[in-house]
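A.B. asks: After the structure tokens below, expect a handful of questions from me.
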Amino acid sequence: MNAYSGRIALVGDRSPHVRSHVRVPGLFDRLRDRDNLDFDTYWIPTEQADEALEGFDGIWLLPGSPYRSEAGAITAIRVAREGGIPFLGTCAGFQHAMLEFARNVCGASQVQHGESTPDADDLLIVPLACSLDGHEGAIQVTPGTRAAALLGVERSMERYHCSYGLDTSRLDLLREHGLVFSGYDDEGDPRIAELPDHPFYLATLFQPELAGDGTRPHPFIQAFAHAAAQRAEVGRGVIPAAM
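Residue numbers (the working numbering): 213 to 455.
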């Protein structure tokens, strides 16, 4: 019998038409079978995220933009970032992690997402030059980063379902405040972001939940789950908190 491993919030507007949403429950079954990690998972609609995120050991902001509540998605990221809660953001989760960091850490409070507010004066998330909806692409991983340690390779093929990405002219603003871009496509556009001083914070423009046939969770998902389990063990006093 697998030990209880904690509570994970799956933040997103769940739909049977979003392939990622269909794949995720099976991944947690695999984590239970392969890694002995048995989580209670709760789907949190974005419009409920402002009031429903207490007591979780991990927060995963899933694809599915435009979200019904952009503010709820931003709140989920801020709660994880400020609270040291393991965070994974994939596809739209990456895009909104960039918004949250720019607004709440960098002071760029007016930046917007080009999908929801295309006519805004200050767009941080813009249409990609070429849509990646349904495509695979190569990722060049930066040595010495968390992403590199987890993947164990310098180049990885990953699957996308998106048409928006980060305006690369704003990279320096985000870097100056501590965000690390640890993976790029072959054109040099950022595809993975992390916060080195956070217990676990990874955001990917690609969708690791769609890797392979779903029988072996992507290393990022495995690492997120283990980080959440460790946080739960600390909370229960099973292992001591780091000094």
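Each residue gets a CB set at the ideal place from its N, CA and C atoms; glycine is no exception.
Check the C-beta distance from I297 over to T253 and give it rounded, since I have them as a contact under 8 Å.
C.D. replies: The beta-carbon separation of I297 and T253, rounded to 15 Å, does not stay under the 8 Å limit for a contact.
A.B. asks: Buried or exposed, going by whether 16 or more other CB atoms sit within 10 Å of the CB of R403?
C.D. replies: buried
A.B. asks: Taking 6 Å as the limit between beta carbons, can you name the residues of its chain near D398, skipping five residues before and five after?
C.D. replies: Excluding residues within five positions, the ones whose Cβ falls inside 6 Å are A350.
A.B. asks: Going by DSSP, name the residue or residues bridged to Y216.
C.D. replies: Beta-bridge pairing links Y216 to D250.
A.B. asks: When you compare only the Cα positions, how much space is there between T357 and P431?
C.D. replies: If you take the alpha carbons of T357 and P431, they lie about 14 Å apart.
A.B. asks: Can you round the beta-carbon distance between E327 and Y396 to whole angstroms, since I take them to be within the 8 Å contact cut?
C.D. replies: Under the criterion of beta carbons closer than 8 Å, E327 and Y396 do not qualify as touching, at roughly 22 Å.
A.B. asks: Among A437, V223, E388, whose alpha-carbon lies nearest the alpha-carbon of V317?
C.D. replies: E388
A.B. asks: On the criterion of 16 or more Cβ atoms from any shown chain inside 10 Å, does C374 qualify as buried, or is it exposed?
C.D. replies: buried
A.B. asks: Note down the Cα distance separating A415 from D241, rounded to an integer number of angstroms.
C.D. replies: Cα-Cα distance, rounded: 22 Å.
A.B. asks: List, from N- to C-terminal side, the alpha helix (DSSP H) runs of 4 residues or more that fit wholly inside the stretch 377-453.
C.D. replies: 383-388, 431-448
A.B. asks: To which residues of the same chain is V184 closer than 8 Å at the C-beta, ignoring the five residues directly before and after it?
C.D. replies: Coverage of the chain is limited to positions 213 through 455, which leaves residue 184 absent and any answer about it impossible.
A.B. asks: Determine, using beta carbons only, whether T354 and S394 come nearer to each other than 7 Å.
C.D. replies: yes
A.B. asks: Taking 8 Å as the threshold, find out whether the stretch 363-374 comes into contact with the stretch 336-347 through three or more Cβ pairs.
C.D. replies: yes
A.B. asks: What number of angstroms, rounded off, separates the C-alpha of L378 from the C-alpha of S368?
C.D. replies: 20 Å
A.B. asks: Is it buried or exposed for E263, if we count other Cβ within 10 angstroms and need 16 for buried?
C.D. replies: exposed
A.B. asks: Which residues bound the alpha helix (DSSP H) around E312?
C.D. replies: Unbroken alpha helix (DSSP H) run through E312: 304-316.
A.B. asks: State yes or no: is the C-beta of A285 within less than 7 Å of the C-beta of H308?
C.D. replies: yes
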